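Asks:
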DNA sequence: CGTCAACTTGATGCTATTCAACTTTGGTGG
DNA sequence: CCACCAAAGTTGAATAGCATCAAGTTGACG
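Residue numbers (our numbering), protein chains in the order written: chain A, 150 to 341; chain B, 150 to 341.
1) Could you check whether residue 184 (chain B) and residue 161 (chain B) sit closer than 9 Å to each other, using their CB atoms as the reference points?
2) How would you label residue 324 (chain B), buried or exposed, when you count the other beta carbons within 10 angstroms and need 16 or more for buried?
3) Let me confirm a value: residue 278 (chain B) is counted as buried when at least 16 other C-beta atoms fall within 10 Å, else exposed. Which label applies?
4) Go through its chain and collect everything with a Cβ distance to residue 327 (chain B)'s Cβ below 8 Å, but skip five positions before and after it.
5) Does the beta carbon of residue 337 (chain B) sit closer than 9 Å to a beta carbon anywhere in chain A?
6) Under a CB-based cut-off of 9 Å, is residue 262 (chain A) close to chain B?
7) Would you mind telling me which residues of chain B sit closer than 8 Å to residue 233 (chain A), beta carbon to beta carbon, in chain order?
8) How do the segment 165-180 of chain B and the segment 236-255 of chain A stand: do at least 3 beta-carbon pairs fall below 8 Å, yes or no?
9) Report back the beta-carbon spacing between residue 295 (chain A) and residue 285 (chain A) to the nearest angstrom; my notes put them in contact at under 8 Å.
10) What is the DSSP secondary structure of residue 245 (chain B), reduced to helix, strand or coil?
11) Output yes if chain B places a C-beta closer than 9 Å to the C-beta of residue 189 (chain A); else output no.
12) With which residues is residue 161 (chain A) paired in a DSSP beta bridge?
13) Do residue 220 (chain A) and residue 187 (chain B) have their CB atoms nearer than 9 Å?
14) Quick one: residues in its chain with C-beta nearer than 6 Å to the C-beta of residue 305 (chain B), no 5 flanking neighbours on either side, listed in chain order?
15) Cβ closer than 7 Å: which chain A residues qualify as neighbours of residue 334 (chain B)?
16) Taking the Cβ atom as the reference point for each residue, do residue 216 (chain B) and residue 231 (chain B) lie within a distance shorter than 9 Å?
17) Is there a Cβ from chain A that is less than 9 Å from the Cβ of residue 156 (chain B)?
18) Could you pull the DSSP bridge partners for residue 204 (chain B) from this structure?
19) Name the DSSP beta bridge partners of residue 172 (chain A), please?
20) Exposed or buried, which one is residue 332 (chain B) when buried takes at least 16 other CB atoms within 10 Å?
21) By Cβ distance below 8 Å, which residues in the same chain neighbour residue 195 (chain B) in space, the five residues on each side in sequence not counted?
22) Short check: CB of residue 282 (chain A) to CB of residue 199 (chain A), under 9 Å?
23) Which stretch, first to last residue, makes up the beta strand (DSSP E) that contains residue 319 (chain A)?
24) Would you say residue 229 (chain B) touches the ligand FMN, meaning its beta carbon is less than 8 Å from a heavy atom?
25) Quick one, which of B:153, B:265, B:302 and B:181 has its alpha-carbon nearest residue 330 (chain B)'s?
26) Hey, residue 156 (chain B) and residue 229 (chain B): beta-carbon distance below 9 Å or not?
27) Find out if the Cβ-Cβ distance for the pair residue 193 (chain B), residue 263 (chain A) is shorter than 9 Å.
28) Return the first residue and the last residue of the beta strand (DSSP E) that residue 314 (chain B) is part of.
29) May I ask you to report which of helix, strand or coil DSSP gives residue 291 (chain A)?
30) Count the other CB atoms, across all protein chains shown, that sit within 10 Å of the CB of residue 314 (chain A); report buried if there are 16 or more and exposed otherwise.
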């Protein structure tokens with residue numbers, strides 16, 4: 150990898166594969182995410198664009214030089230890396246302990262939240278967004294098969310947790326309901 | 150969390166839990182690992198010692214001040230965090246895509262490797278170490294139940310991949326064999 | 001020698017996978 | 001404009017793998 154940079158528009162995925170073809174997505178790169186590993190040569194993972202993608206890139210070497218000269222940048226990068234580490238660990242809980250339905254709900258919840266904050270919408274009222282992933286990509290992210298993804302997405306639709314327009318456009322009428330389904334259950338017992 | 154520090158002796162675990170009790174270990178802290186989150190107050194996870202533990206601690210505030218004054222430290226910390234991120238992502242593949250048997254083999258493989266590098270032993274000949282984790286802790290790390298852990302550990306023993314002395318002391322006669330079982334299959338096809 | 005936590009083992013059921021067929025969608029060229 | 005195709009997605013039936021529940025067993029320690 151000759152470059153580092155950050156995603157401006159579109160979605161890319163970071164995947165890891167075994168020789169027999171089993172694949173796990175280990176990172177979802179949405180707009181504003183940083184890509185690359187200053188101080189490392191090894192490209193440990195495959196980076197693949199899953200939609201049309203616009204990135205803002207720097208040659209790695211000059212960037213690293215700048216890092217050494219500008220302590221602020223290293224500190225900012227450390228913060229971003231800690232955020233990524235948090236995200237990775239949150240995802241470990243999803244992969245290790247959640248059911249298929251909860252996994253789907255978790256993914257939709259994350260994308261919805263990201264999309265909402267980016268599009269300056271409040272968390273009130275129905276959220277709405279396009280899935281930037283195929284069913285197969287979702288399966289690779291969630292540690293499921295694409296068939297199971299399909300079944301559970303449609304189950305959530307049948308149960309009114311989400312609504313679908315076509316196969317990719319998702320409407321979330323009640324975000325708290327989705328969070329419950331994800332097992333995140335943020336609010337606990339709100340009133341009394 | 151008032152402190153940051155690093156593990157000197159013993160093992161601690163970083164876990165995340167859902168309200169209903171499901172638990173996922175998101176990090177295994179072995180000697181030389183760093184603990185804590187400079188620049189963050191939130192204690193996002195539970196840190197629990199799983200054996201007797203000796204740590205080398207600093208109060209967080211002075212440590213952060215030192216970080217600002219000494220760019221080197223921030224850069225070293227960034228490297229360590231990137232390593233942790235790699236480890237977390239490797240573990241995502243384990244959690245998402247590996248079978249119970251492969252998960253067990255992966256865990257043993259990691260502990261064996263860590264233990265070997267720490268005890269300055271080569272990777273040749275039989276490796277030998279004590280499991281620093283109960284079956285339940287292993288289950289929480291692997292996203293399995295403790296019963297499945299027990300069954301698969303004993304299956305690996307029956308198949309001669311490992312040998313057990315008591316319930317905790319593990320002997321690995323052939324590390325490559327263990328790697329194969331873990332699905333890591335490093336060597337591929339060595340001779341022709 | 002009794003007790004408790006860690007661990008093992010067995011029987012059963014459920015969830016997600018597997019394999020296979022089928023449908024929908026969007027794009028291409030006749 | 002429509003027939004055709006490939007890629008994406010859906011659906012069904014059968015099965016495997018792990019979870020669950022329920023007894024046991026072992027080993028360390030008072």
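No residue lacks a Cβ here, since even glycine has one placed at the ideal position from N, Cα and C.
Keep in mind the model is a prediction, meaning the values are calculated, not measured.
Replies: From the atom records:
1) Along the second chain, one-based indexing puts residue 161 (chain B) at 12. Along the second chain, one-based indexing puts residue 184 (chain B) at 35. In contact: residue 161 (chain B) and residue 184 (chain B) (Cβ atoms closer than 9 Å).
2) Sequence index remark: in the second chain, residue 324 (chain B) carries index 175 (1-based). Its Cβ being crowded by 16 or more others within 10 Å, residue 324 (chain B) is buried.
3) Locating residue 278 (chain B) in the second chain gives position 129, counting from the first residue. By the neighbour-count rule (16 or more Cβ atoms within 10 Å), residue 278 (chain B) is buried.
4) Translated into the one-based positions of the second chain, residue 327 (chain B) becomes position 178. Around residue 327 (chain B): 254, 257, 258, 261, 310, 311 and 321.
5) Reading the second chain from its first residue, position 188 is the one you call residue 337 (chain B). Because residue 337 (chain B) sits at a pLDDT of 49, beneath the cut-off of 50, its placement in the model cannot be relied upon, and the following sentence gives the value as read from the coordinates. At least one chain A Cβ lies under 9 Å of residue 337 (chain B).
6) Locating residue 262 (chain A) in the first chain gives position 113, counting from the first residue. Not closer than 9 Å to any Cβ of chain B, the Cβ of residue 262 (chain A) fails to qualify, so no.
7) Counted from its first residue, the first chain places residue 233 (chain A) at position 84. 234, listed in chain order.
8) yes
9) Taking the first residue of the first chain as 1, we reach residue 295 (chain A) at position 146. Taking the first residue of the first chain as 1, we reach residue 285 (chain A) at position 136. About 5 Å separates the two Cβ atoms, so the contact holds.
10) Walking along the second chain from the start, residue 245 (chain B) turns up at place 96. Three-state DSSP puts residue 245 (chain B) in a helix.
11) For the purposes of this step, residue 189 (chain A) is taken as the residue at position 40 of the first chain. For residue 189 (chain A), the answer is yes, since a Cβ of chain B falls inside 9 Å of its Cβ.
12) As a first step, residue 161 (chain A) must be located in the first chain, where it is residue number 12. Bridge partners of residue 161 (chain A): A:178 and A:198.
13) The residue given as residue 220 (chain A) occupies position 71 in the first chain. The residue given as residue 187 (chain B) occupies position 38 in the second chain. No; because the gap between Cβ atoms is not below 9 Å, this pair is not in contact.
14) By 1-based counting over the second chain, the position of residue 305 (chain B) is 156. Answer for residue 305 (chain B): 311, listed in chain order.
15) Taking the first residue of the second chain as 1, we reach residue 334 (chain B) at position 185. Those are 168, listed as they occur along chain A.
16) Position 67 of the second chain, counted from the start, is the residue given in the question as residue 216 (chain B). Position 82 of the second chain, counted from the start, is the residue given in the question as residue 231 (chain B). Not closer than 9 Å, so no.
17) Looking up residue 156 (chain B) in the second chain gives position 7. Closer than 9 Å: no.
18) Along the second chain, one-based indexing puts residue 204 (chain B) at 55. DSSP, once it has assigned bridges, lists B:156 as partnering residue 204 (chain B).
19) The count along the first chain starts at 1 and reaches residue 172 (chain A) at position 23. Paired residues: A:166.
20) Numbered from 1 along the second chain, position 183 holds the residue referred to as residue 332 (chain B). Classification for residue 332 (chain B): buried.
21) As a position in the second chain, residue 195 (chain B) is number 46, starting the count at 1. When the five nearest sequence neighbours on each side are left out, the beta carbons in the same chain lying within less than 8 Å of the beta carbon of residue 195 (chain B) are those of 163, 164, 165 and 166, in order along the chain.
22) To locate residue 282 (chain A), count along the first chain from 1; it is residue 133. To locate residue 199 (chain A), count along the first chain from 1; it is residue 50. Yes, Cβ-Cβ distance for residue 282 (chain A) and residue 199 (chain A) is below 9 Å.
23) Taking the first chain and counting its residues from 1, one reaches residue 319 (chain A) at position 170. Residues 318-321.
24) The model on display carries no ligand, and the ligand FMN is accordingly not part of it.
25) For the purposes of this step, residue 330 (chain B) is taken as the residue at position 181 of the second chain. Closest option to residue 330 (chain B), Cα to Cα, is B:302.
26) Taking the second chain and counting its residues from 1, one reaches residue 156 (chain B) at position 7. Taking the second chain and counting its residues from 1, one reaches residue 229 (chain B) at position 80. Result no, Cβ atoms of residue 156 (chain B) and residue 229 (chain B) do not sit closer than 9 Å.
27) As a first step, residue 193 (chain B) is located in the second chain; it is residue number 44 there, counting from the start. As a first step, residue 263 (chain A) is located in the first chain; it is residue number 114 there, counting from the start. Their beta carbons are not under 9 Å apart, which means residue 193 (chain B) does not touch residue 263 (chain A) by this criterion.
28) Within the second chain, residue 314 (chain B) is the residue found at index 165, counting from 1. That run of the beta strand (DSSP E) goes 312-314.
29) Position 142 of the first chain, counted from the first residue, corresponds to residue 291 (chain A). Residue 291 (chain A) falls in the helix class under three-state DSSP.
30) Taking the first chain and counting its residues from 1, one reaches residue 314 (chain A) at position 165. That one is exposed.
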